[in-house]
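Residue numbering for the sequence shown follows our numbering, starting at 1 and increasing by one per position.
Virtual Cβ for every residue (Gly too), placed ideally from N, Cα, C.
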Amino acid sequence: GEIPDPAGRLLGATVALVRAAAGDTDGAYRALTAEPPGAGTVDVAHAPAGLAVELTEPSPDLRHRRGRTLALLHDDAAIDHLTDSLKDGSPSARDRAATHADLALALTAAGRGDEAAPHTRAARDLATRIGSRRVLRRLDGHGLSAGSAVSSSASAAR
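Right under this line is the structure:
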């Protein structure tokens, strides 16, 4: 049978994330809403040997990338995408740590520091357990400690 091409959507979300990180707001929003490259379907009956097809649509990773992109664009819609990504439950502890960190940052930027604190703690706990210095550096770089969240005015100044 045929299924939607999740890899194309993931590529589109990755392009959007890169554009947002580079400061290209319009390009990031275009990439989030555009039809993904190679959009269409994949015929799984004739798929190459060893091809793994993610049937979850959208996947936790796709929701995380979209959420992180929107967070970089200071769009409060990021919170819903990141929350949904956590609910979807990525099997990767590294992905869960990064998603908690991104959600903590998005909530803090939206002035919801009390809601951010548990995500900051979860991100730090997971990152410490698996040795993810990148997640810890991101939290430290935004002044998010395990016990507290930065006020929205302090994070906006960063």
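Taking the alpha-carbon positions, what's the residue i to residue j distance?
{"i": "residue 121", "j": "residue 145", "result": "8 Å"}
{"i": "residue 34", "j": "residue 91", "result": "28 Å"}
{"i": "residue 8", "j": "residue 85", "result": "18 Å"}
{"i": "residue 142", "j": "residue 79", "result": "17 Å"}
{"i": "residue 17", "j": "residue 25", "result": "10 Å"}
{"i": "residue 14", "j": "residue 82", "result": "15 Å"}
{"i": "residue 94", "j": "residue 132", "result": "7 Å"}
{"i": "residue 125", "j": "residue 23", "result": "31 Å"}
To which residues of the same chain is residue i closer than 6 Å at the C-beta, ignoring the five residues directly before and after it?
{"i": "residue 115", "result": "107"}
{"i": "residue 103", "result": "82 and 119"}
{"i": "residue 101", "result": "123, 135, 138 and 139"}
{"i": "residue 66", "result": "13 and 81"}
{"i": "residue 164", "result": "This structure cannot settle anything about residue 164, because the visible part of the chain is limited to 1 through 158."}
Sorted by chain position, which residues of the same chain lie with C-beta nearer than 7 Å to residue i's C-beta, five sequence neighbours on each side aside?
{"i": "residue 19", "result": "27, 28 and 31"}
{"i": "residue 89", "result": "60"}
{"i": "residue 69", "result": "13, 16, 17, 20, 28 and 32"}
{"i": "residue 127", "result": "97, 135 and 136"}
{"i": "residue 76", "result": "110"}
Would residue i pass as a contact of residue j if the rule is Cβ separation under 8 Å?
{"i": "residue 62", "j": "residue 10", "result": "yes"}
{"i": "residue 130", "j": "residue 97", "result": "yes"}
Please look up how many angstroms separate the CB atoms of residue i and residue j, rounded, as I've assumed it's under 8 Å.
{"i": "residue 109", "j": "residue 64", "result": "17 Å between Cβ atoms; not a contact."}
Between residue i and the rest of its own chain, which residues show a CB-CB distance below 8 Å, the 5 nearest in sequence each way excluded?
{"i": "residue 87", "result": "none"}
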